[in-house]
Amino acid sequence: MKNWTFKQWNTILGWVVFVIAFFTYLSTIEKNFSFWDTGEYIASAVKLEVTHAPGAALFQLVGAVAAMFAFGNSENYSIVINAMSALFSALTILFLFWTITHLVRRLLNKDFDEINKHQEISILFAGVIGALCFTFSDTFWFSAVEGEVYSMASMFIALLVWLITKWENEYHDSDNERWIIL
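Residue numbers 150 to 331, in this note's numbering, belong to the letters of the sequence shown in order.
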């Protein structure tokens with residue numbers, strides 16, 4: 150087996166957890182729409198119509214782009230919008246994995262070059278377990294398979310927390326402001 154660095158293992162395992170989450174959510178998405186607001190959000194995304202307050206303008210715009218992949222078949226609009234939510238939820242899991250591995254590494258007060266193999270395995274194992282536990286949690290899974298705004302909102306929150314950890318890794322560098330500006 151190749152002698153990879155911690156950063157390489159962290160990247161690869163993050164994408165493996167993403168694929169597991171995405172496959173899980175994609176194989177269990179709602180084929181139509183579920184109760185409450187999902188039907189309204191799917192219809193408003195397809196037709197770019199107004200929803201109830203406060204609405205979700207970004208979700209509607211991204212949903213309208215995703216609805217183009219239904220190729221005009223109205224029976225597939227729900228599947229495409231629900232698959233979009235599954236994608237956002239899987240991205241949440243990816244950023245959560247990278248955040249967990251960063252925080253566990255910081256808990257050990259280790260830089261990337263100070264990690265031995267035992268600590269590397271422990272950190273990556275903690276990330277995999279934490280991300281997969283959140284993947285299969287009931288509330289998150291329920292939101293991941295329906296066309297609701299929660300999956301996109303959780304993805305942006307996870308992205309922001311991960312960007313904070315990226316900045317924390319590089320706050321001594323001269324170009325560290327790029328993570329803050331982003």
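Quick reminder that beta carbons are idealized off the backbone N, C-alpha and C, glycines included.
If you're wondering where the values come from, they're calculated on a predicted model, not measured in any experiment.
- Burial is judged here by how many other beta carbons sit within 10 angstroms of a residue's own beta carbon; THR250 has at least 16 and is buried.
- Of the residues VAL165, ILE161, TYR174, the one whose Cα lies closest to the Cα of SER292 is TYR174.
- Per DSSP, reduced to three states, the secondary structure at PHE220 is coil, with no helix or strand assignment.
- Listed in chain order, the non-local C-beta contacts of TRP247 below 8 Å within the same chain comprise ASN159, GLY163, GLY276, TRP311, THR314, local neighbours out to five positions each way being set aside.
- Between the C-alpha atoms of ALA192 and GLU297 there is a straight-line separation of about 12 Å.
- Scanning ALA307, SER234, LYS156, GLU295 for the CA closest to the CA of LEU243 turns up ALA307.
- Within a 10 Å sphere around the beta-carbon of GLU269 sit 16 or more other beta-carbons, which makes this residue buried.
- In chain order, GLN209, ALA213 place their CB closer than 7 Å to the CB of LEU197, counting only its own chain and leaving out the 5 sequence neighbours on each side.
- Check the Cα spacing between ASP186 and each of GLU295, ALA215, ASN222, ALA170: the tightest is with GLU295.
- If you ignore the 5 residues before and after THR284, its C-beta comes within less than 6 Å of the C-beta of ALA170, ILE242, all in its own chain and listed in chain order.
- With contacts defined by Cβ atoms closer than 7 Å, VAL229 and ALA239 do not form a contacting pair.
- Taken in chain order, the unbroken stretches of alpha helix (DSSP H) that lie wholly in the stretch 236 to 291 and span 4 residues or more are 266 to 284.
- Cβ-Cβ distances below 8 Å link ALA235 to PHE171, TYR174, LEU175, ILE178, ALA293, VAL294, SER300 in the same chain, with the five nearest sequence neighbours on each side left out; the list follows chain order.
- Unbroken alpha helix (DSSP H) stretches of 4 residues or longer found wholly inside the stretch 154 to 233: 155 to 176, 187 to 196, 206 to 216, given in chain order.
- Going by DSSP, TYR320 is part of no alpha helix (DSSP H) at all; its letter is neither H nor E.
- In this structure, the alpha-carbon of ASN225 lies about 16 Å from that of VAL211.
- Relative to THR154, the option among PHE184, ASP287, ASP260, TYR320 whose CA is nearest is ASP260.
- Contact check for VAL195 against ALA215 fails: the beta carbons are separated by 7 Å or more.
- With at least 16 other beta carbons inside 10 angstroms of its own, LEU245 counts as buried.
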